[in-house]
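The UniProt record's numbering applies: residue 1 is where the sequence shown begins, and numbers increase by one. Even glycine gets a Cβ: it sits at the ideal position worked out from N, Cα and C. Report on the structure given below.
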Amino acid sequence: MAPSAGAGGSGGTAGASSGRRGRARGAGSLRRRGGLVVPGLPVLRVRELRVAYGGFTVLDGVDLDLPPGRITAVVGPNGAGKSTLFHCLAGTVRPVSGRVVLGERDITRLPAHARTRLGIARTFQQLAVFPTLTVAENVRVGAEQGRVMDTGAAAERALRLLGLDGAVRTLPAADLPTGTLRRVELARALAGGPRVLLLDEPAAGLDTGEVTALARVLRALAADGTTLLVVEHDLDLVADLADTVHVMTAGRVVASGPADHVLEGPAEYDESGRSGG
């Protein structure tokens with residue numbers, strides 16, 4: 001049974017933490033989870049990543065570091081290569097050259113399901129849930145595909161964190177609005193106990209209140225040691241959330257640094273190019 005897109009609408013999000021500047025560094029917590037994370041090294045490293053289709057280069061020597069317990073954002077115009085980079089990290093696109101390294105392990109050639117077992121989870125820009133399964137069943141799938149021992153307990157923790165442990169847990173996903181489905185998808189990703197969480201347009205389809213609540217949850221995850229990469233077009237959310245921002249244009253990273261510095265600097269792309277990539 002394949003996941004399908006969810007219905008539109010609205011829904012609340014639970015979670016709480018302090019703001020970006022007050023976030024506790026969670027690297028120690030993350031290192032206790034397994035042996036792939038090495039002190040002093042980024043959790044996930046990308047080196048000289050290149051992807052080409054025919055004669056068209058989509059990624060042109062991209063370097064990227066994802067530090068433990070931090071939120072990294074990638075922004076850029078339509079066609080910049082953001083989505084291709086995301087898929088290379090998730091294991092759904094294989095680069096022509098370059099390396100993707102998790103801790104000390106080269107995972108460049110590993111498929112997506114193997115990366116999930118190693119602790120890389122993702123969400124989707126287009127909602128991908130199992131419409132005939134209940135909320136709780138969808139989240140349980142994530143636990144079973146991940147690296148946790150007690151899948152039932154892991155699913156329950158994720159449901160509680162995202163405020164899905166009430167009556168909504170028994171509802172089929174097909175009956176739920178967009179805001180709630182975003183929470184279901186995030187809970188499913190978290191249930192597998194990821195070291196690295198890749199988020200593709202997590203704010204798409206959410207109203208202002210839902211975006212604010214989502215940001216609280218993501219900050220809490222980072223404070224607990226999870227490494228997050230966010231590909232996002234909502235620059236207000238990026239400015240509020242990200243520790244480091246990378247700007248991509250034409251398959252290259254053209255600017256990197258703290259969110260307040262990068263986003264307030266010279267415009268790297270026009271406002272009309274905030275979708276796609």
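Residue i classed as buried or exposed, judged by whether at least 16 other C-beta atoms fall within 10 angstroms
i    : result
R94  : exposed
R182 : buried
H246 : buried
P202 : buried
G152 : exposed
A114 : exposed
A189 : buried
E264 : exposed
G209 : exposed
G54  : exposed
P42  : buried
V254 : exposed
P111 : exposed
R109 : exposed
M248 : buried
E185 : buried
R117 : exposed
R219 : buried
T84  : buried
N78  : exposed
T92  : exposed
V96  : exposed
Residue i - containing beta strand (DSSP E), residue span
i    : result
R45  : 44-53
G209 : Taken as a continuous stretch (DSSP letters only), G209 belongs to no beta strand (DSSP E), being part of the alpha helix (DSSP H) at 208-223.
G98  : 97-102
V247 : 244-249
Which of helix, strand or coil DSSP assigns to residue i
i    : result
L263 : helix
R195 : coil
F130 : coil
G257 : strand
R70  : coil
F56  : strand
A121 : strand
T92  : coil
R140 : helix
V238 : helix
V148 : coil
L41  : coil
D65  : strand
R182 : helix
D175 : helix
R252 : strand
R105 : strand
Reference residue i, options the options, closest by Cα
i    : options                : result
D106 : L89, V238, A136        : L89
V194 : P68, L49, L41, L64     : Sequence check: residue 194 is Pro here, not Val. Among P68, L49, L41, L64, the Cα nearest to that of P194 belongs to P68.
F124 : M149, F86, R50         : F86
A239 : R47, A73, R50          : A73
V196 : L237, T92, A158, T226  : T226
T212 : G192, D224, L237       : L237
R70  : G81, L221, L49, A158   : L221
R99  : V62, L66, V75          : V62
D65  : G79, A52, L162, E48    : E48
R252 : G76, R45, A173         : G76
D234 : G91, L199, A223        : L199
A173 : D207, N138, L214, T244 : N138
Limits of the unbroken alpha helix (DSSP H) element including residue i
i    : result
R157 : 151-161
L229 : No alpha helix (DSSP H) contains L229, which is instead part of the beta strand (DSSP E) from 227-231.
### Query
Quick one: any contact between the segment 222-231 and the segment 255-262, if contact means 3 or more CB pairs under 8 angstroms?
no
### Query
Counting pairs of Cβ atoms below 8 angstroms between the segment 139-146 and the segment 171-181, do you hit three or more?
no
### Message
Does the structure place the segment 49-65 close enough to the segment 154-167 that three or more beta carbon pairs sit under 8 angstroms?
### Response
no
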